[in-house]
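Undergrad: Take a look at the following structure, please.
Protein chains in written order, with the numbering used here: chain A, 3 to 402; chain B, 559 to 1324.
Written out as structure tokens, the structure is:
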């Protein structure tokens, strides 16, 4: 009996079991914007999940009402961003709605607000929805979190304690248009703050995750000799800030002005040594008094780290590599849709032209399939080990 | 030393620092497991003490494969299944000195390198040491703190019990509620080391407002600030709204209550009365690190319960007091009008007379009886009657001074007692009352007018209450006798008359049996023909001693006493019988009817129609032989009985005529509604014909009205030819009076001839 070659045709019967759609609206009216985007995204029946990336300038309850007016009771998660991504390009002050559905998907969502500063518990609680999906061959947990809350590695630890090693974790931290003041997370009808929202997705088709950052190591690795919480106090036994400024040859204004330092630091992150590459840590600022470097997440003492740098070329190369890695898991089949979680720092490096190019790259890899994403304050991707929080990285999720 | 070596040493140092910061074994192990997993990027790390899986990461929650881990720990298996990656080689690291304690590590994708293994062994060693140390310290710490805790607990408990006992003593000794509440706040503040204790109670009159019931450690103007704060504010409000205890420590918000400066810690619990939340008890402390333990919370609850006890108690006492007061009130007051009743009235009069004895001055007693109230009650119904009584009571209340007493004695009898009032003052008050009471009383959409008969008696030093009351009563009866709607002052002559009245009633009861009642008949002639068309039956009483008594002398007594029923029935039967006999003797009388007066009272008798039917039947007369004369007030009454009787009587075929028309309060609508056959113009108007243009106009109007409505009109009391001429001119149909004939003992044409009826023809212009 000869084996039948499966055509790479979109109208493949198996593919019709699942559909993914993306809609975008820049309408000023929140309700209208939500409704228009949702309508455009709903390209099939039996909507299983609605994912919303939106600007924080919208009246969010109205926006959600507009979306739910179209999608009804279908599970919904979402968050505010530092910019929205769709195949046509990146935008601000807009809403991008992704819908997926069909019998080939099984989805459940969860959400938890952080109480008493316990981010881990919120992460754990949010992903309890995993137990409510049907057993499907492939699973992934989509996480959206409030990155301004604290160490997001705790979110990953919490989620891992519930999900275990078998389920990859993918997602990003909500933004607020670079104001760095307050972000929102969406779950069902609710508009939350200081929350973690999650969607457990079970699929009959493979799911792929790609993680690349596009930063290059600079110089020799250093030992993190003293660190605590989100602060690195010394590298190789020397005050961390001094080592940083010296090794990278930072211009004079960066040595004294906090704003200038932050701008410089955006393109000069730290890379933590990991088996599978470097886990990038965004340097958020410096304490000019005690000469320590500040981060959004923990930098473990005793670890090895590199300073890193990048440019648009390296960033774009990383984009291609991340897409390739994600699509590789699909075994040659075309994706039903791509989701991209892209750090604002990378957007900062790319500039307007670079951003357009990046989105075009992603769209090309999608090969006509819908694309959605947003610019994040931190990215989540755990496919091995227990760590999964990244900065200045691109995470691509490919749904088969 | 390579970077790698440094790396693991540094990691170990960091690891040790972390692990020793955990307060207990379990959390140290959990922390260690996580650090290990992160350090070597292993998916699975687990620690087992014997067969007890202390901690494991990498498995979905609730699916830790204990058996598999135990197998690996004991060396029976060399692999662990990593979820999503299948079986992977497992590294087993035993703790030094405790072979049954191990750490297991399994990583997918890549085997552990030698360096990683070395590092992990080092971790295991550190962890083991740390755990042992923690264990030691913990048990010692526990022991010491246990002892200390017990001691403190015992002391605290006994202090609490002491306080509560004191509170209970206060409550059972019926100490004033405020004292109890103050003892609560004091005790609470003392025992809970609080700088502030505040008891709020909801205001009974103003919903949503709490008032300060008691406080310790607060400024004196707290009460105002509390009043200004919405009840729902702060943890006091929360405790009340949610009916539960609220405890806060190191609250991030600066303000706990609107009226309380910031505090480190505070707790509030609701206070109940009879099961409902009525307030809250709050304590707050300034001490850094203050935490309210469960023992503290229990203490607060106990204090709150005692507040509830005290409030319930107070409520119960208040309830009892009120119940007693209510019962007393009911015993002394009339239920319907809430006026003092006879008992209280007599008591008040006694007091007034006592004062009069001491200080001189006169006391006036006014007896007020509502005229014809019984017929109003009967025709309008008792509930309407009650409305009338209540309105009368209200009007009386408004008439008198605060020092006077208005009381309801019984039925429709009221009494007013005025101190320091002589005859002139009493007369003034009586007049005021009479005028006020005669104002129409609204009954739904209708009005009724009640006149009153008022008797006044004046007493002074030496008078007795019983005598005064009796004298006022006598005067009141005199007023009734004299025609009602008047005021009479008591004099000696009245007493005699009253005694007479009592005699009259006594005699009247026997009059019927003794055949002392007589009927006289007065002819009624048609003005057109001069012929007699009917005779009116008039009752007389042949009293053995007093002689012939006219109706005015006994009918009121009959009505008040109910004797009107048997008398009325006798009158009907006798009238019909006599007419029938007269007709048998003189066939020309076959067109002559007999007219019988019915009192309003008789209409309340549902058997009236039967009585009339029987009277006709027994006499063998057709209904057209009988005409019933009724007063206007019968028409006014809407009482079912009266209305029904009227209709039934009309249906029988008897004639119906309204007597004394123009003197009552007929509603023209009712006139139209009830088909009567005739109107009798009252003699008062007839008397003025030829002399008084108003009476002339009234008579003309009545004639006109009657004819328009299809009624005949009869003039009563015609005494002069001039009156007769005028009546003829005005078109009146019938006439009756001394000019025509006085009432005669029998019905007969012969009698009429002797009276001069035949001579009427020239008078009437024939």
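By construction, the Cβ of each residue, glycine as well, lies at the ideal position given by its N, Cα and C atoms.
If you measure beta-carbon to beta-carbon, which residues of the region 381 to 394 of chain A are closer than 8 Å to chain B?
TA: Within the region 381 to 394 of chain A, the residues whose Cβ lies closer than 8 Å to some Cβ of chain B are 386, 387, 388, 389, listed in chain order.
Undergrad: CB of residue 375 of chain A to nearest heavy atom of the ligand HEM: below 6 Å?
TA: Absence of the ligand HEM from the depicted structure is noted, as is the absence of any ligand whatsoever, leaving it without description.
Undergrad: Could you give the DSSP three-state label for residue 1141 of chain B: helix, strand or coil?
TA: Working through the second chain from its first residue, we reach residue 1141 of chain B at position 583. Residue state, collapsed to three classes: helix.
Undergrad: What does residue 167 of chain A touch in chain B if you count any residue whose Cβ is under 8 Å from its own?
TA: Along the first chain, one-based indexing puts residue 167 of chain A at 165. Here the neighbours are 601, 602, 616, 617, 640, 641, 642, 643, 666.
Undergrad: Indicate whether the contact test is met: 3 or more Cβ pairs, each with one atom in the region 47 to 62 of chain A and one in the region 82 to 102 of chain A, closer than 8 Å.
TA: They touch, by the three-pair rule.
Undergrad: Going by C-alpha to C-alpha distance, which of B/928, B/634, B/1285, B/1242 sits closest to residue 991 of chain B?
TA: One-based indexing of the second chain puts residue 991 of chain B at position 433. The residue with the shortest Cα to Cα distance from residue 991 of chain B is B/928.
Undergrad: Taking beta-carbon pairs under 9 Å, can you tell me which members of the region 297 to 310 of chain A lie near chain B?
TA: If the cut-off is 9 Å between Cβ atoms, the region 297 to 310 of chain A has 302, 303, 304, 305, 306 near chain B.
Undergrad: DSSP state of residue 6 of chain A, grouped into three classes?
TA: Walking along the first chain from the start, residue 6 of chain A turns up at place 4. Caution applies to residue 6 of chain A, whose pLDDT of 38 falls short of 50 and renders its modelled position unreliable; the value that the coordinates give is listed next. Coil, per DSSP.
Undergrad: Closer than 9 Å between beta carbons: that is the criterion. Which residues of the region 584 to 597 of chain B meet it against chain A?
TA: Residues 592, 593, 595, 596, 597.
Undergrad: Have a look at residue 221 of chain A and residue 251 of chain A and give me their C-alpha separation to the nearest angstrom.
TA: Position 219 of the first chain, counted from the start, is the residue given in the question as residue 221 of chain A. Position 249 of the first chain, counted from the start, is the residue given in the question as residue 251 of chain A. Between residue 221 of chain A and residue 251 of chain A, the C-alpha separation is close to 12 Å.
Undergrad: Could you tell me the boundaries of the alpha helix (DSSP H) in which residue 986 of chain B lies?
TA: Within the second chain, residue 986 of chain B is the residue found at index 428, counting from 1. 981 to 996 is the span of the alpha helix (DSSP H), which, as asked, contains residue 986 of chain B.
Undergrad: Among residues of its own chain, excluding the 5 on either side of residue 316 of chain A, which ones have a beta-carbon nearer than 8 Å to its beta-carbon?
TA: Residue numbering aside, residue 316 of chain A sits at position 314 when the first chain is read from its first letter. Around residue 316 of chain A: 216, 217, 218.
Undergrad: Any idea which residues DSSP pairs residue 131 of chain A with across the strands?
TA: Your numbering for residue 131 of chain A matches position 129 in the first chain. In DSSP, residue 131 of chain A forms no bridge with anything.
Undergrad: If you compare alpha carbons, which of B/1208, B/1136, B/935, B/1174 is closest to residue 1303 of chain B?
TA: Position 745 of the second chain, counted from the first residue, corresponds to residue 1303 of chain B. The option with the nearest alpha carbon to residue 1303 of chain B is B/1136.
Undergrad: Report the CB separation of residue 1154 of chain B from residue 1133 of chain B in whole angstroms; it is logged as a contact under 8 Å.
TA: As a first step, residue 1154 of chain B must be located in the second chain, where it is residue number 596. As a first step, residue 1133 of chain B must be located in the second chain, where it is residue number 575. The Cβ separation is near 5 Å, so the contact holds.
Undergrad: Starting from the Cα of residue 1114 of chain B, find the closest Cα among B/1091, B/924, B/930 and give me that residue.
TA: The residue labelled residue 1114 of chain B in the question sits at position 556 within the second chain. Comparing Cα-Cα distances from residue 1114 of chain B to each of B/1091, B/924, B/930, the minimum goes to B/930.
Undergrad: How far does the alpha helix (DSSP H) with residue 530 of chain B in it reach, from first residue to last?
TA: The requested residue 530 of chain B is not part of the displayed model; chain B covers only 559 to 1324.
Undergrad: Quick check on this structure: which residue in B/1014, B/1070, B/1059, B/1071 has the alpha carbon closest to the alpha carbon of residue 1046 of chain B?
TA: Sequence index remark: in the second chain, residue 1046 of chain B carries index 488 (1-based). Here the closest residue by C-alpha is B/1014.
Undergrad: So is residue 164 of chain A in contact with chain B if we call contact Cβ pairs under 7 Å?
TA: Your numbering for residue 164 of chain A matches position 162 in the first chain. Yes, residue 164 of chain A lies at the interface with chain B (some Cβ there is under 7 Å from its Cβ).
Undergrad: For residue 329 of chain A and residue 665 of chain B, I'd like the C-alpha separation in whole angstroms.
TA: Residue mapping note: residue 329 of chain A aligns to position 327 of the first chain, counting from 1. Residue mapping note: residue 665 of chain B aligns to position 107 of the second chain, counting from 1. Their Cα atoms are separated by approximately 25 Å.
Undergrad: Once you ignore the five residues that flank residue 1107 of chain B on each side, which residues in its own chain have a CB closer than 6 Å to its CB?
TA: Residue numbering aside, residue 1107 of chain B sits at position 549 when the second chain is read from its first letter. Only 1099, 1101 meet the Cβ criterion.
Undergrad: Tell whether a beta-carbon distance below 7 Å holds between residue 344 of chain A and residue 396 of chain A.
TA: On the first chain, residue 344 of chain A is found 342 positions in, with the first residue counted as 1. On the first chain, residue 396 of chain A is found 394 positions in, with the first residue counted as 1. Going by C-beta atoms, residue 344 of chain A is nearer than 7 Å to residue 396 of chain A.
Undergrad: Which class does residue 765 of chain B belong to by DSSP, given the choice of helix, strand or coil?
TA: Within the second chain, residue 765 of chain B is the residue found at index 207, counting from 1. Coil at residue 765 of chain B, not helix or strand.
Undergrad: By the DSSP assignment, the alpha helix (DSSP H) with residue 1290 of chain B in it spans what residues?
TA: On the second chain, residue 1290 of chain B is found 732 positions in, with the first residue counted as 1. Looking at the DSSP string, residue 1290 of chain B is not in any alpha helix (DSSP H), and its letter there is neither H nor E.
Undergrad: Report the CB separation of residue 132 of chain A from residue 164 of chain A in whole angstroms; it is logged as a contact under 8 Å.
TA: Residue mapping note: residue 132 of chain A aligns to position 130 of the first chain, counting from 1. Residue mapping note: residue 164 of chain A aligns to position 162 of the first chain, counting from 1. Going by Cβ atoms, the distance from residue 132 of chain A to residue 164 of chain A rounds to 7 Å, so yes, they are a contact pair.
Undergrad: Using a 10 Å radius around the Cβ and a threshold of 16 neighbouring Cβ atoms, would you call residue 113 of chain A buried or exposed?
TA: Taking the first chain and counting its residues from 1, the one referred to as residue 113 of chain A is at position 111. Answer is buried; the Cβ neighbour count reaches 16.
Undergrad: Along the alpha helix (DSSP H) that carries residue 1149 of chain B, what are the first and last residues, could you check?
TA: Within the second chain, numbered from 1, the residue matching residue 1149 of chain B stands at position 591. Taken as a continuous stretch (DSSP letters only), residue 1149 of chain B belongs to no alpha helix (DSSP H), as it is neither H nor E.
Undergrad: When the distance is taken between beta carbons, is residue 374 of chain A closer than 7 Å to residue 341 of chain A?
TA: Along the first chain, one-based indexing puts residue 341 of chain A at 339. Along the first chain, one-based indexing puts residue 374 of chain A at 372. Cβ atoms of residue 341 of chain A and residue 374 of chain A: closer than 7 Å.
Undergrad: Could you please give the first and the last residue of the uninterrupted beta strand (DSSP E) stretch that includes residue 658 of chain B?
TA: Start at 1 with the first residue of the second chain, and residue 658 of chain B comes out as number 100. Start and end: 656 to 664.
Undergrad: Could you tell me whether the Cβ atoms of residue 129 of chain A and residue 384 of chain A are closer together than 7 Å?
TA: Start at 1 with the first residue of the first chain, and residue 129 of chain A comes out as number 127. Start at 1 with the first residue of the first chain, and residue 384 of chain A comes out as number 382. In this structure, residue 384 of chain A does not lie closer than 7 Å to residue 129 of chain A by Cβ.
Undergrad: With distances taken between CB atoms, is the gap from residue 1010 of chain B to residue 1158 of chain B smaller than 7 Å?
TA: Against the second chain, residue 1010 of chain B aligns to sequence position 452. Against the second chain, residue 1158 of chain B aligns to sequence position 600. No; because the gap between Cβ atoms is not below 7 Å, this pair is not in contact.
Undergrad: Between the Cα of residue 136 of chain A and the Cα atoms of A/116, A/118, A/149, A/109, which residue gives the shortest distance?
TA: If you number the first chain from 1, residue 136 of chain A lands on position 134. Residue 136 of chain A has its Cα closest to that of A/109, out of A/116, A/118, A/149, A/109.
Undergrad: Using a Cβ-Cβ cutoff of 8 Å, what residues of the region 140 to 161 of chain A are near chain B? List them in chain order.
TA: For the region 140 to 161 of chain A, which is checked against every Cβ of chain B, the residues closer than 8 Å are 159.
Undergrad: Near residue 327 of chain A, which residues of its chain fall below 6 Å by C-beta distance, leaving aside the five closest residues on each side in sequence?
TA: In the first chain, the residue the question calls residue 327 of chain A occupies position 325. Here the set comprises 212.
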